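Chemist:
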Amino acid sequence: MAEEDRTPIVNEIYANNYISSLDVQTPANNYEASKGFEITPGQVKIPVTKDKSFSFRKLWAFTGPGFLMSIAYLDPGNIESDLQAGAIAKYKLIWVLMWSTVLGLILQLLAARLGCVTGMNLAQVCHLEYPMFPRITLWLMVEIAIVGSDIQEVIGSAIALNLLSNHKIPIWAGVLITGVDTFTFLFLESAGLRKLEAFFGALITTMAVTFLYIYVKIMPNQGDILIGMWFPWCEDCDKDSIVQLVGIVGAVIMPHNIYLHSALVLTRNIDRTDKHEVAEAIKYNSIESAIALFVSFIINLFVLAVFAAAFSGPTFREEASLHNAGTWLYEQYGLGVKIIWGIGILSAGQSSTMTGTYAGQFVMEGFMNIRWSKWKRVLLTRSIAMVPTIIVALIATNDLDAMNNWLNVLQSVQLPFALLPVLHFTSSETIMREFKNGRVMKITVWGLAILVMGINFYLVIISVGSGNQWWIYVIAVIVIFVYLAYVAYIAIGPHTVLKLKMMIALKFNRDTEKILNEIERRETLKYTTREDLSNTAS
208 MAEEDRTPIV NEIYANNYIS SLDVQTPANN YEASKGFEIT PGQVKIPVTK
258 DKSFSFRKLW AFTGPGFLMS IAYLDPGNIE SDLQAGAIAK YKLIWVLMWS
308 TVLGLILQLL AARLGCVTGM NLAQVCHLEY PMFPRITLWL MVEIAIVGSD
358 IQEVIGSAIA LNLLSNHKIP IWAGVLITGV DTFTFLFLES AGLRKLEAFF
408 GALITTMAVT FLYIYVKIMP NQGDILIGMW FPWCEDCDKD SIVQLVGIVG
458 AVIMPHNIYL HSALVLTRNI DRTDKHEVAE AIKYNSIESA IALFVSFIIN
508 LFVLAVFAAA FSGPTFREEA SLHNAGTWLY EQYGLGVKII WGIGILSAGQ
558 SSTMTGTYAG QFVMEGFMNI RWSKWKRVLL TRSIAMVPTI IVALIATNDL
608 DAMNNWLNVL QSVQLPFALL PVLHFTSSET IMREFKNGRV MKITVWGLAI
658 LVMGINFYLV IISVGSGNQW WIYVIAVIVI FVYLAYVAYI AIGPHTVLKL
708 KMMIALKFNR DTEKILNEIE RRETLKYTTR EDLSNTAS
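Reminder that position 248 of the sequence shown reads as 455 in my numbering, one-by-one numbering, no gaps.
#1: With DSSP as the reference, identify every bridge partner of residue 251, one or two as the case may be.
#2: Quick one: any contact between the region 542-553 and the region 313-323, if contact means 3 or more CB pairs under 8 Å?
#3: In whole angstroms, what is the alpha-carbon distance linking residue 532 and residue 363?
#4: Hey, out of 419, 302, 484, 339, whose CA is closest to residue 439's CA?
#5: Along the alpha helix (DSSP H) that carries residue 328, what are the first and last residues, could you check?
#6: Just to confirm before moving on: does the CB-CB distance between residue 410 and residue 402 stay below 8 Å?
#7: Locate the alpha helix (DSSP H) running through residue 388, then write down its first and last residues.
#8: Using beta-carbon positions only, say whether residue 460 and residue 310 come within less than 8 Å of one another.
#9: Can you confirm whether the region 493-503 touches the region 342-362 when touching is taken to mean that 3 or more C-beta pairs between the two stretches lie within less than 8 Å?
#10: Could you give the C-beta distance for residue 300 and residue 451, rounded to a whole number, given that I count them as a contact under 8 Å?
#11: DSSP on residue 232, reduced to helix/strand/coil?
#12: Buried or exposed: where does residue 730 fall if 16 or more other Cβ atoms within 10 Å of its Cβ makes it buried?
#13: Within 10 angstroms of the Cβ of residue 258, are there 16 or more other Cβ atoms? Answer buried if so, exposed if not.
#14: Would a C-beta distance cut-off of 8 Å place residue 479 and residue 485 closer than the cut-off?
#15: Based on Cα-Cα distance, which residue from 435, 296, 720 lies nearest to residue 521?
#16: Taking just the CA atoms, how far does residue 562 sit from residue 269?
#17: Would residue 349 and residue 462 qualify as a contact pair, given that the criterion is a beta-carbon distance under 8 Å?
#18: Is the region 553-572 close to the region 406-424, with three or more CB pairs under 8 Å?
#19: Taking just the CA atoms, how far does residue 537 sit from residue 500?
#20: Residue range of the alpha helix (DSSP H) that residue 296 falls in?
#21: What whole-angstrom Cβ distance do residue 504 and residue 305 have, given they're in contact under 8 Å?
#22: Less than 8 Å between the C-beta atoms of residue 697 and residue 627, yes or no?
#23: As a quick exercise: from 284, 422, 721, 390, pick the residue whose alpha carbon is nearest that of residue 513.
#24: Would residue 720 and residue 338 be called neighbours here (beta carbons separated by less than 8 Å)?
#25: Along the chain, where does the alpha helix (DSSP H) that runs through residue 417 open and close?
#26: Relative to the alpha-carbon of residue 699, which residue among 634, 646, 573, 648 has its alpha-carbon at the smallest distance?
#27: Which of the three DSSP states is assigned to residue 337 in this structure?
#28: Would you verify that the beta carbon of residue 394 is, or is not, closer than 8 Å to some beta carbon of chain B?
#29: What number of angstroms, rounded off, separates the C-alpha of residue 273 from the C-alpha of residue 430?
#30: Can you give, in chain order, each stretch of the alpha helix (DSSP H) that sits fully within the region 619-698 and has at least 4 residues?
#31: Using a threshold of 8 Å, state whether the C-beta atoms of residue 458 and residue 475 are closer than that.
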């Protein structure tokens, strides 16, 4: 069968029209990895083995998407959260960092499974599953989350450039430099996807080496680290420590990263008509993602432990920030440590800005189904993420700490718009077939989802504070009501919402034609493959 015939699609007229409009490139010359001006599905060949046992060759072929995904766990926002946790609560919150990473892994595996089974990323599935107005709203919410994350990443790079230049490059200039070189580095795609993945791997290695050096230089108490990791409590923790606990969860789990990972796994070429190949892809992606997030946890642990050992206490806790950290390291440990710290932060900021830009591209293309020529589509989707980022970052360079706190709140508010769709879709037999979530997994992931959203809503409440004028609270109540109503819609799911609409329409004798048309459209959506369609037609 030709390679293009094995591209996964969705049955019936509406879905076929959508899938046929997707610009899906396939590898030429028997699965040879293609070179082009963007990341596209099926670029990496998976070696064929005779037996079904574990293969390191195959694991190496699947290695890449998980490490690109893990960069979001190492962005400047996470690094700042780590150093603040160490300065405020010393080693007491390491267990929060560890279990937040585990929770993040579970959600990333769901996103990867969705991509492996359907051949579409999360944004593309949302395009099929949601009506136009909820779909556009969902897209806007995710775009806002991407811009908010990119702002932290761009400013992190700007702070690193400021440190490395001995404050000769001001923050605003660092923001512009980061914006320009982000687009420049993205041209590495033309060298091939595997080289691009190797470049990101080099940046992660740079972070690991630099932060490890500082860790060894300061040498935190290893016993305190183990206690903080394996004993889930926060003895004698004050309000600031509790706020930081919540902030760690909000910083680690980012909504746009779920969309990104579901798209990155599509770069591996598998036959989705073969259940064994799909199961194998899920297995190797899971192993690679677990390794990648373990590495990210270790790097985050280095940062938290360093500041817990060297910069904790009343003198530092009120001013703990990415901007001040380099100065503290310089004053106590010299210029060399400051430069090494700056290199690590620059690697974190630059790599995460690039992956955030990719997330913006995948999200917009998937939700909006843009059919322009490739260079126009790439330019627009990446600019949508980067241009607002640069503008806001330039405006807010004089008040970085306050802006960073609000950006963490923003990520918390937007999390349900990635979390809830991926839980719904991976639990759907129509979409996932035999690979859907089992009953135990459903209970587990929905329980975790409620926990994470509750923690993040608490972060929003404590961040908003009190003492404002009455009309501010009135506006806040209205906004919160609309927000919760939309979150409830996403949580219930479009199918159940249609049933409720039909029930209400029948009870009050309303016109049901539009509701019936939407129900009929949804019932005809059958996720399958072109091979299945050809067999049915014959």
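Ideal Cβ placement from N, Cα and C applies to all residues, glycine included. Owing to the predicted nature of the structure, the values given are computational and were not obtained by experimental measurement.
Modeler: Working from what's here:
#1: Position 44 of the sequence shown holds residue 251. For residue 251, which the question treats as bridged, DSSP gives the partners 475.
#2: no
#3: Here residue 532 is taken as the residue at index 325 of the sequence shown, counted from 1. Here residue 363 is taken as the residue at index 156 of the sequence shown, counted from 1. Their Cα atoms are separated by approximately 12 Å.
#4: Sequence index remark: in the sequence shown, residue 439 carries index 232 (1-based). It is 302 whose Cα lies nearest to the Cα of residue 439.
#5: Working through the sequence shown from its first residue, we reach residue 328 at position 121. Segment: none, residue 328 is in no alpha helix (DSSP H) and carries neither H nor E.
#6: Looking up residue 410 in the sequence shown gives position 203. Looking up residue 402 in the sequence shown gives position 195. No. Outside cutoff.
#7: Stepping through the sequence shown from its first residue, residue 388 is reached at position 181. Where residue 388 is concerned, the enclosing alpha helix (DSSP H) stretches over 378-392.
#8: Against the sequence shown, residue 460 aligns to sequence position 253. Against the sequence shown, residue 310 aligns to sequence position 103. Yes, the pair counts as a contact, with Cβ atoms nearer than the cut-off.
#9: no
#10: In the sequence shown, the residue the question calls residue 300 occupies position 93. In the sequence shown, the residue the question calls residue 451 occupies position 244. Yes, residue 300 and residue 451 are in contact; Cβ-Cβ is about 6 Å, under 8 Å.
#11: Within the sequence shown, residue 232 is the residue found at index 25, counting from 1. Because residue 232 sits at a pLDDT of 40, beneath the cut-off of 50, its placement in the model cannot be relied upon, and the following sentence gives the value as read from the coordinates. Coil.
#12: For this step, residue 730 is matched to residue 523 along the sequence shown. Residue 730 is exposed by the Cβ-count criterion.
#13: On the sequence shown, residue 258 is found 51 positions in, with the first residue counted as 1. Counting Cβ neighbours within 10 Å, residue 258 comes out exposed, since fewer than 16 surround it.
#14: Residue mapping note: residue 479 aligns to position 272 of the sequence shown, counting from 1. Residue mapping note: residue 485 aligns to position 278 of the sequence shown, counting from 1. In this structure, residue 485 lies closer than 8 Å to residue 479 by Cβ.
#15: Along the sequence shown, read from residue 1 onward, the residue named residue 521 stands at position 314. The shortest C-alpha separation from residue 521 is found at 296.
#16: For the purposes of this step, residue 269 is identified with residue 62 of the sequence shown, where counting begins at 1. For the purposes of this step, residue 562 is identified with residue 355 of the sequence shown, where counting begins at 1. Spanning the two alpha carbons is a distance of roughly 18 Å.
#17: Indexing the sequence shown from 1 puts residue 349 at position 142. Indexing the sequence shown from 1 puts residue 462 at position 255. Their beta carbons are under 8 Å apart, which means residue 349 touches residue 462 by this criterion.
#18: yes
#19: Numbered from 1 along the sequence shown, position 293 holds the residue referred to as residue 500. Numbered from 1 along the sequence shown, position 330 holds the residue referred to as residue 537. Cα to Cα, the separation comes out at about 30 Å.
#20: Here residue 296 is taken as the residue at index 89 of the sequence shown, counted from 1. Note, residue 296: alpha helix (DSSP H), 283-296.
#21: Taking the first residue of the sequence shown as position 1, residue 504 is located at position 297. Taking the first residue of the sequence shown as position 1, residue 305 is located at position 98. That pair is a contact at about 6 Å.
#22: Numbered from 1 along the sequence shown, position 490 holds the residue referred to as residue 697. Numbered from 1 along the sequence shown, position 420 holds the residue referred to as residue 627. Cβ distance < 8 Å, so residue 697 and residue 627 count as in contact.
#23: For the purposes of this step, residue 513 is taken as residue 306 along the sequence shown, with counting starting at 1. Nearest of 284, 422, 721, 390 to residue 513, Cα basis: 422.
#24: The residue labelled residue 720 in the question sits at position 513 within the sequence shown. The residue labelled residue 338 in the question sits at position 131 within the sequence shown. Their beta carbons are not under 8 Å apart, which means residue 720 does not touch residue 338 by this criterion.
#25: For the purposes of this step, residue 417 is taken as residue 210 along the sequence shown, with counting starting at 1. Per DSSP, residue 417 belongs to the alpha helix (DSSP H) from 400-425.
#26: Mapped onto the sequence shown, residue 699 falls at position 492. Residue 634 is the option with its Cα nearest to residue 699.
#27: Against the sequence shown, residue 337 aligns to sequence position 130. Residue 337 falls in the coil class under three-state DSSP.
#28: Protein chain content of the structure displayed is limited to a single chain, and chain B is not contained in it.
#29: Position 66 of the sequence shown, counted from the start, is the residue given in the question as residue 273. Position 223 of the sequence shown, counted from the start, is the residue given in the question as residue 430. The alpha-carbon atoms of residue 273 and residue 430 are separated by roughly 31 Å.
#30: 623-633, 636-639, 646-671
#31: Here residue 458 corresponds to residue number 251 of the sequence shown, with the count starting at 1. Here residue 475 corresponds to residue number 268 of the sequence shown, with the count starting at 1. No.
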